[in-house]
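*Asks:*
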Amino acid sequence: MEGLLVFLVLGIIVGVSAGYNLLRKRMKLANLNRKLEMLHKNNNAYHVLKNVKLTNQEITIHSLVFSVYGIFVIQPEHRMGVIEGDVAAEQWLVKRNKQQNKFPNPLIQAKKKAKALAEVISLNEKHVHQIVTFTKAGTLNLDKAQFKDKHVVLDEQIETTIQAWKTPQLSKQSIAKMLAQLQTNSK
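Counted from 1, the sequence shown has number 109 at position 109 by the UniProt record's numbering; the numbering is strictly sequential.
(1) Which residues in the same chain as leucine 54 place their Cβ atom closer than 6 Å to its Cβ, once the five residues preceding and following it in sequence are excluded?
(2) Report yes or no: is there a C-beta of chain D within less than 7 Å of the C-beta of leucine 64?
(3) Counting pairs of Cβ atoms below 8 Å between the segment 65-75 and the segment 169-177, do you hit three or more?
(4) Note down, in chain order, each residue of its chain lying with its Cβ closer than 7 Å to the Cβ of lysine 111, except the 5 sequence neighbours on either side.
(5) Using a threshold of 7 Å, state whether the C-beta atoms of histidine 78 and threonine 135 are closer than that.
(6) Going by DSSP in three states, threonine 133 sits in which element: helix, strand or coil?
(7) Tell me whether the beta-carbon of leucine 32 lies closer than 7 Å to the beta-carbon of leucine 49.
(8) Please report the straight-line C-alpha distance between alanine 118 and valine 128, rounded to a whole angstrom.
(9) By the three-class DSSP mapping on this structure, what secondary structure does threonine 60 have?
(10) Using alpha carbons as the reference points, say which of Leu182, Ala180, Gln163 and His151 lies closest to methionine 38.
(11) What does the alpha-carbon distance come out to for the pair lysine 150 and threonine 161?
(12) So valine 82 packs on lysine 95, CB below 8 Å; how close in whole Å?
(13) In terms of alpha-carbon separation, which member of Val52, Ile158 and Gln181 lies closest to arginine 34?
(14) What is the rounded straight-line gap between the Cα of methionine 178 and the Cα of aspartate 143?
(15) With DSSP as the reference, please indicate the residues paired to tryptophan 92 in a beta bridge.
(16) For the candidate residues Asn141, Lys113 and Lys98, whose alpha-carbon lies nearest to that of asparagine 56?
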């Protein structure tokens with residue numbers, strides 16, 4: 001009977017821990033969403049779409065930002081610890097509490113999503129920019145020389161990263177057309 005009680009207590013602890021981690025991840029994503037919404041509210045030149053499913057590709061994009069400066073595919077990552085990675089590596093590493101865990105290279109994932117999006121909305125890929133964001137729980141330990149033209153940032157840098165593009169690339173009419181095309185594709 002005592003063993004059953006210990007097993008039950010351990011089960012409760014594991015369940016509460018998993019629930020806490022899930023809640024924390026959702027709160028971090030909500031924080032990113034708030035920052036993107038503020039970008040839209042502060043400057044009507046940006047249109048934000050969340051959880052966009054590309055039906056022909058079976059791909060879901062967490063956040064898209066449409067503007068005359070380009071289309072931004074946002075790839076959020078919630079990793080706690082020191083993040084290390086190589087631009088071309090299939091997997092990256094997160095180190096925390098003397099443990100190391102591998103995870104798929106978010107740049108590769110974002111690139112696939114950007115390519116699929118460009119195909120769906122019939123747009124040249126050079127106008128689709130990928131941005132990978134990490135929460136403050138992660139410390140980026142990346143070779144700056146390798147990542148000079150890649151956009152891997154912390155959540156709080158998302159607005160300034162997007163606003164760094166200053167040269168208009170797209171017309172407002174083409175953006176409206178792409179948004180309509182994307183809504184048709186998502187149904």
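We treat Cβ as the ideally placed atom computed from N, Cα and C, and that holds for glycine.
*Replies:* On the basis of the supplied data:
(1) Here residue 54 is taken as the residue at index 54 of the sequence shown, counted from 1. Ala116 and Val120, listed in sequence order.
(2) The structure shown has no chain D; it contains just one protein chain.
(3) yes
(4) Along the sequence shown, read from residue 1 onward, the residue named residue 111 stands at position 111. Taken in chain order, the residues that qualify are Gln130.
(5) Against the sequence shown, residue 78 aligns to sequence position 78. Against the sequence shown, residue 135 aligns to sequence position 135. Their beta carbons are under 7 Å apart, which means histidine 78 touches threonine 135 by this criterion.
(6) Along the sequence shown, read from residue 1 onward, the residue named residue 133 stands at position 133. Correct three-state label for threonine 133: strand.
(7) If you number the sequence shown from 1, residue 32 lands on position 32. If you number the sequence shown from 1, residue 49 lands on position 49. Their beta carbons are not under 7 Å apart, which means leucine 32 does not touch leucine 49 by this criterion.
(8) Position 118 of the sequence shown, counted from the start, is the residue given in the question as residue 118. Position 128 of the sequence shown, counted from the start, is the residue given in the question as residue 128. Rounded to whole angstroms, alanine 118 to valine 128 spans 7 Å at the Cα level.
(9) Locating residue 60 in the sequence shown gives position 60, counting from the first residue. Strand.
(10) Taking the first residue of the sequence shown as 1, we reach residue 38 at position 38. Taking only the C-alpha atoms, the option nearest methionine 38 is Gln163.
(11) On the sequence shown, position 150 is the one that residue 150 refers to. On the sequence shown, position 161 is the one that residue 161 refers to. In a straight line, the C-alpha of lysine 150 is about 11 Å away from that of threonine 161.
(12) Translated into the one-based positions of the sequence shown, residue 82 becomes position 82. Translated into the one-based positions of the sequence shown, residue 95 becomes position 95. About 5 Å separates the two Cβ atoms, so the contact holds.
(13) Translated into the one-based positions of the sequence shown, residue 34 becomes position 34. The residue with the shortest Cα to Cα distance from arginine 34 is Ile158.
(14) Against the sequence shown, residue 178 aligns to sequence position 178. Against the sequence shown, residue 143 aligns to sequence position 143. Distance between the alpha carbons of methionine 178 and aspartate 143: 35 Å.
(15) For the purposes of this step, residue 92 is identified with residue 92 of the sequence shown, where counting begins at 1. DSSP output for tryptophan 92 lists Phe103 as bridge partner(s).
(16) Within the sequence shown, numbered from 1, the residue matching residue 56 stands at position 56. The shortest C-alpha separation from asparagine 56 is found at Lys113.
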